[in-house]
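Line by line, the protein sequences are chains A and B. Residues 728 to 1039 in the numbering used here are what the first sequence spells out, letter by letter. Residues 50 to 651 in the numbering used here are what the second sequence spells out, letter by letter. We treat Cβ as the ideally placed atom computed from N, Cα and C, and that holds for glycine.
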Amino acid sequence: MKKVEKYIFIACGVMIVILWILSSTDLILKEEIEEVYRISVIVNDSEEENWEYFQRGMEYAADQYHVETNFITLYDGISQRKQNEAIAREAEGDAQILIVCPVNAQEFQEFLVENSLKEKPILTLKRKVQSDKVIASIRSDETERGKMLGEMIAEDAKEEETVWIGINNQKQEMYQEFCESLQETLQSYGIESNLSVWNEEEELEDVLERQETIFVGADTDTTKLLAEKKQETDEEKIYGNGINASIVHNLENGRINGIAVVDETSMGCLTIANAVKLLQGDKITDLMIDQYAIPSSEVYSKQYEQVLFPIS
Amino acid sequence: MGREIKKIKHSLQDILKNWSFRYVLWLSFSIVSVMITVVIGMFMNFQYSRRIDELMEEQIAASVSQASVPLYSHIRSMLKASDALYYNVIREAHFPEDSVYDEFKLVCEINPDTIESIALFDDEGNLLEASPPAILNEWVDVQEEEWFQAAIQENENVHFLDPKVQNLYMASNESYNWVIPMSRAVQIHYNDETIQGVLLINLQYSWIESIFDNTDLSNINVAILNEDGETIYDPRQRLVSLGLEEDLTEIFREQPNKDGNFIYHLNGKQYLASSRTIGYTGWKIIGVGLDQEGSISSVKGRLFVLMLFVILLTILLILNVYISNKICLPIQELVLHVHEIEEGNLDETINVSGSKEICQLGFAISQMKYVIKNLMKDIVMEYEQKRKTELDALQSQINPHFLYNTLDIIVWMIENEQQEEAVKVVMSLGRLFRISLSQGKRIIRLKNEIEHVTNYLMIQQVRFKNKFEYFISMEEELGEMATLKLIIQPIVENAIYHGMEYMYGDGEIQINVTQQGEDIWIAVQDNGPGMTQEMVKALEAGKVVESTKRGSGIGVRNVQERIQMQFGRKYGLFIESELDVGTTVTIKIPAIPYESWEGSLE
């Protein structure tokens, strides 16, 4: 019986040691430590204001998920080469994941083939890029948005009105699908449209003097410039694509008649949330963000309140 | 049922039969200890869980309370400001001549972090006064605004509306702030008429955020809902709307009147919630925290408590071993003593320590042992006495026999007128009897026995007219050894009668006393006619030989029995004989000094 007692005491000793390891050390049961993730976002713009809404969503999510973000614009000119340099620099740094809105999808894809970027995972914004390094994309349906804006214009357009569509040369590639879809939609309604690509702001100096009566900014820069040039007496209608504070202000005061817009705040939020999911080992897939065509008259509609005036 | 219980009882009894008392005791204590520990452990676990929940509930309730106090306080301040503006400023003013701008501005400046703007409208929605100065937004129809309609429709109340983007005035810059409209109906003196108007105080939405920023909300989600369950403030609202997080306020939306502290389940998780209604507004401030029951820290806490219980249990088991040993060792000691007694060792001293009962038991066994020992001693003494009586009886068989023979010799000598020889014989006989008597001793010195046999031989030599010679050899120191008396004489007597009777001067009787190891060998050798082997065997077996010649072996048998009775069966007589050669009878006795015998057996 002494043997049985010995075994019982040995079992008790083993149990005490195991319980001590479980309860008082982190060898087996580890306290969940909230890791601070580091994420770099490299956009295809030199103007931070064009990403203001995205940044709001991004910062909100970063705050909720304990993420340290580094938002990088191309202050030295918009080109894929400049962006590639910024991406490579961030990859060398301590960023755990790179979120890129490429200037030129094709060139970015080629860059990814040539560079390992320290095997850091990449998420693309607004564009889909075919590469093993790109885990997923967060984007919107450009064709659908072009169609939505085209239909809104067609609804407002009078007979024989023509449409001028302007786009910054640096963003032409990005909004190509949008422009094509917009033109096709307008054409389907029997509205003629001209696409004009500009390089310098001066080229738009007298744009509103043109014979067209409807002007569309296919990107935020063009939309903003068109709104700034419109006088109160001008009867030309201005439509835009994209969102920033200036565009919303002009939409609210009626200078802009309507915009096609992606819920950029949600996009920013979902981008960070998905990046965190990826870093936590979850599988993520491509995301399509909601988009809207908002006429000036609907600016205070409850439906668009969080898109146009997100609570900061 | 009863049969089953009996069966179990019998099985238990069968098992217990094979277990030691100590083990049964230890096992019983241990089972009781384990049961007590488990019961206490379960109780503690229950208390621990309850306390964790209570703490969590208290923390949530405290956070909700912590946030609700300043919120309520600010709302009361705003109501007071509204009352002050209405009763002290607006009711005293006559529009459009009077201006209340300065008073509005003052209130705004006093509450820069709370009030976004103050405006006064007439019943048609025309702006009468505003601070800071602003131009109404042409897109906005004031009369259609919710705050305006609420004030007009329920003109006795102050209304707090849902947050919205400030769109009433044209934005001076590109910033659009979120505000919480607070409106009330007011009576306005306008052009000597009293008309109804609406006082609108836009509260900054960021003011609510700042209240929660100053509240400890670790692990707690807070939100403010209106009386319809719609969100006024929820930092997680966008995550919820995007499907990234669960809507923890759902239960409050479904049951807007739910109040107090309670537990609810959502998607398999248990949440602790607390809600408190904010007076005047109908808002409800709620706090929701995930039950920490399954968290790592909670599990670790439980495991730590479990470890303490295992340690406690181990200590109890060790104590059980100590106690059961303390109780059982004296009993086991007692059992060993009983075994010793069983094996006949009655000299063992019984020293039993332990409890009173065990000591009493030990004492009783000890007493019993003494009784047994005394009884056995009595039995042995009785046996000894009996044996002595038997020996004496055997010895007494010799004396008449020898006396008969000796007297026969003396008679023969007197008949043959051999008086001198007869005197010698009588004297020898006297010495013989003196030694025979030996003060009644059965054990005498070997030298006395030899002297005795020498006297006897001398008598017989006279009797047999020197038909034989005798020789006795013995080392002097052997004379001090102990021997039964009268063991050589019967053998010598037989040698004379059976071996020398028909000799004619050439007979020889030789007595040699030697020591071989621990034994003394006394050999009586004659050169008589000898015996057949059958006779030798019969004599060694102690049988009485039917013979026509003198002697029937009684003397030999007596010597044999006496020696074996005294010294054991390994001692006695050994006879070797060969016809026409002679006979040697050897007596084997233990070599024991007479001193060590004296007084022991006598």
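query                                                                                                                                                         : result
Whole angstroms are fine: how far does the CA of Q810 (chain A) sit from the CA of D772 (chain A)?                                                            : 9 Å
Can you pull the chain A neighbours of N394 (chain B), defined as C-beta to C-beta under 7 Å?                                                                 : Going along chain A, no residue has its Cβ under 7 Å from N394 (chain B), so there is no contact; the nearest lies around 27 Å.
Does the beta-carbon of F301 (chain B) have 16 or more other beta-carbons within 10 angstroms, so that it is buried, or is it exposed?                        : buried
For V770 (chain A), does the three-state DSSP call read helix, strand or coil?                                                                                : coil
Can you list the alpha helix (DSSP H) stretches of 4 or more residues lying completely in the region 486 to 558 of chain B, in chain order?                   : 495 to 512 and 538 to 544
Using a threshold of 8 Å, state whether the C-beta atoms of M507 (chain B) and S485 (chain B) are closer than that.                                           : no
Would you say R662 (chain B) lies against chain A (beta-carbon separation less than 8 Å)?                                                                     : A question about residue 662 (chain B) goes unanswered here, because the residues of chain B that appear run from 50 up to 651.
For the region 198 to 216 of chain B against the region 238 to 255 of chain B, are there 3 or more C-beta pairs whose distance is under 8 Å?                  : yes
Check the C-beta distance from I970 (chain A) over to V988 (chain A) and give it rounded, since I have them as a contact under 8 Å.                           : 5 Å
Could you have a look at F1036 (chain A) and say whether DSSP puts it in helix, strand or coil?                                                               : coil
Assign V472 (chain B) to one of two classes, buried (16 or more other C-beta atoms within 10 Å of its C-beta) or exposed (fewer than that).                   : exposed
Do V934 (chain A) and K956 (chain A) count as a contact pair if the criterion is CB distance below 8 Å?                                                       : yes
What are the boundary residues of the alpha helix (DSSP H) that includes T912 (chain A)?                                                                      : Q903 to S915
Identify whether E31 (chain B) lies in helix, strand or coil by the three-state DSSP scheme.                                                                  : What the structure shows of chain B is the stretch from 50 to 651, and residue 31 (chain B) is not part of that stretch, so it cannot be assessed.
By the DSSP assignment, the alpha helix (DSSP H) with Y734 (chain A) in it spans what residues?                                                               : K729 to S751
With DSSP as the reference, label H793 (chain A) as helix, strand or coil.                                                                                    : coil
Using a beta-carbon distance cut-off of less than 8 Å, what residues from the region 976 to 1005 of chain A approach chain B?                                 : H976, E979, N980, G981, T992, S993, C996, L997 and A1000
With burial defined as no fewer than 16 other Cβ atoms inside 10 Å of the residue's Cβ, what is the status of K853 (chain A): buried or exposed?              : buried
Quick one: residues in its chain with C-beta nearer than 6 Å to the C-beta of G981 (chain A), no 5 flanking neighbours on either side, listed in chain order? : S1023
I need the straight-line Cα distance from T851 (chain A) to S224 (chain B), nearest angstrom please.                                                          : 30 Å
To which residues of the same chain is L839 (chain A) closer than 6 Å at the C-beta, ignoring the five residues directly before and after it?                 : S858 and K860
Any residues in the region 944 to 975 of chain A with a beta carbon nearer than 8 Å to a beta carbon of chain B? Which ones, in chain order?                  : A972, S973 and V975
Can you give me the start and stop residues for the beta strand (DSSP E) that W570 (chain B) sits inside?                                                     : D568 to D575
Assuming R325 (chain B) is part of the beta strand (DSSP E), what are its boundary residues?                                                                  : K318 to T326
Measure the Cβ-Cβ separation of I814 (chain A) and V827 (chain A) and say whether it is below 8 Å.                                                            : yes
Got a sec: is the Cβ-Cβ distance from E732 (chain A) to anything in chain B below 8 Å?                                                                        : yes
Hey, could you find the ends of the beta strand (DSSP E) I85 (chain B) is sitting in?                                                                         : It is not in any beta strand (DSSP E) - I85 (chain B) instead sits in the alpha helix (DSSP H) that spans F70 to D132.
Tell whether a beta-carbon distance below 8 Å holds between G548 (chain B) and E627 (chain B).                                                                : no
Whose C-beta lies closer than 6 Å to the C-beta of F520 (chain B) among residues of the same chain, with five residues either side of it excluded?            : Q559
Applying a beta-carbon distance threshold of less than 8 Å, which residues of chain A neighbour I372 (chain B)?                                               : Within 8 Å Cβ-Cβ: nothing; I372 (chain B) doesn't reach chain A, min ~13 Å.
Return yes when the Cβ of W332 (chain B) is within less than 8 Å of the Cβ of N263 (chain B), no when it is not.                                              : no
Taking buried to mean at least 16 other C-beta atoms within 10 Å of its own C-beta, is S973 (chain A) buried or exposed?                                      : buried
Taking only runs that begin and end inside the region 332 to 406 of chain B, name each unbroken alpha helix (DSSP H) of 4 or more residues, in chain order.   : 345 to 391
Output the distance between the C-alpha atoms of N896 (chain A) and I799 (chain A), rounded to the nearest integer angstrom.                                  : 21 Å
With 16 as the cutoff for other CB atoms within 10 Å, does E193 (chain B) come out buried or exposed?                                                         : exposed
Could you tell me whether the Cβ of Y764 (chain A) comes closer than 8 Å to any Cβ of chain B?                                                                : no
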